[in-house]
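Residue numbers (the numbering used here): 6 to 323.
I have placed the structure first, in the form of structure tokens, so that the comments after it can refer back to it.
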């Protein structure tokens, strides 16, 4: 049986995907240095519903505390990203990426707003970008198959491995199940009364629209066109998201579902997430969910390619 080298699969190698995650982390850290991130308004909005009144007072009222906390957070994110760029430090960086993602998802994103009434729809960024950072960290974790370890056939970088290990600690099946859960789960959010009312989606987009600029005009145009059609749009989004989520569970529809997921993620990123707010106002903390879901799809796409090639090689060798 011949093991496939990930580097044989072009750009969808594990290392390239790890580097892509690292670049996104570095962008996050750079955005954290924006002046607004040092303001009392940012700290109050970030911490007001998740930590004790004492910590709120310490950060809200103290310029020094805000300076130290925000700078450390920015440097940590840049450090995670830089660590992912180098093979020797990637394990430590992936561990830090997972832990920091979980912390931000709980304390900063408040579980992606999923537990609040009228939870945000996928077009608005549900279930939260920080959660996907953590999941990608697990999916990209380098693992060594036991058989290759025993035979001493692994290369120094661990680039040769079986198809079943292509999604790191979660395994390919676990990663596919999570993709299905995220897309189908956020699709079901459309059934909440506050999300399928005639003006639900336009109200959410209008609330997230910047005050001025190209994105403001684009959002205004969309709100005008979609006004009163919230129920139809919610039903359409539900159908599309269920198809994207459940489609990966069958090999015959997997690539179509992944391609659809990447397309929908880009549309949501542009229309609902306004490129994560990067182009408006200097208040964006990260690029939001869109790029991360595209990266999620690419990890699964690469896994499917390696799996198919691996099966073909196995059949040829028998």
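Glycine is no exception: its CB is placed at the ideal position from the N, C-alpha and C atoms.
Predicted model only: the values in this text are computed from it and were never measured.
- The distance from the Cβ of residue 144 to that of residue 304 is about 5 Å, consistent with a contact at the 8 Å cut-off.
- Taking residue 175 as reference, the option from 139, 195, 205, 206 with the minimal CA-CA separation is 139.
- In the DSSP assignment, residue 103 falls within the unbroken alpha helix (DSSP H) covering 95-108.
- Under the DSSP assignment, residue 246 falls in the alpha helix (DSSP H) whose first and last residues are 235-252.
- By the Cβ rule, the stretch 250-267 does not count as touching the stretch 220-239, because fewer than three pairs are nearer than 8 Å.
- Rounded to the nearest whole angstrom, the C-alpha separation of residue 40 and residue 291 is 15 Å.
- In this structure, 147 is the residue among 147, 71, 79 with its C-alpha nearest to the C-alpha of residue 95.
- With respect to the 8 Å criterion, residue 273 and residue 128 are classified as neighbours on the basis of their beta carbons.
- Residue 126 carries a coil assignment under DSSP once its states are collapsed to helix, strand and coil.
- Nearest C-alpha to residue 33 among 301, 178, 281: 281.
- Inter-residue distance for residue 254 and residue 237 is about 27 Å (C-alpha atoms, whole angstroms).
- Per DSSP, reduced to three states, the secondary structure at residue 114 is coil, with no helix or strand assignment.
- When secondary structure is reduced to three states using DSSP, residue 195 falls in the helix class.
- For residue 187, the closest alpha carbon among the candidates 130, 224, 197, 81 is that of 130.
- Under the three-state reduction of DSSP output, residue 172 falls in the coil class, being neither helix nor strand.
- A Cβ-Cβ distance of about 4 Å is found for the pair residue 297 and residue 137, placing them in contact under the 8 Å criterion.
- Our two residues, residue 97 and residue 225, have alpha carbons roughly 44 Å apart in a direct line.
- By the Cβ-count criterion, residue 206 is buried, with 16 or more other Cβ atoms from all chains shown falling within 10 Å of its own Cβ.
- Residue 26 and residue 117 have their C-alpha atoms some 20 Å from each other.
- With fewer than 16 other Cβ atoms inside 10 Å of its own Cβ, residue 178 counts as exposed.
- Look at residue 256 here: in three-state DSSP terms it is helix.
- The C-beta of residue 45 has fewer than 16 other C-beta atoms within 10 Å across all chains shown, which makes the residue exposed.
- Comparing alpha carbon positions, the residue from 307, 287, 270, 277 closest to residue 299 is 270.
- Between residue 260 and residue 193, the alpha-carbon positions lie close to 22 Å from each other.
- Cβ contact annotation for residue 195 (same chain, cutoff 8 Å, sequence separation greater than five): 126, 201, 239, 240, 242, 243, 246, in chain order.
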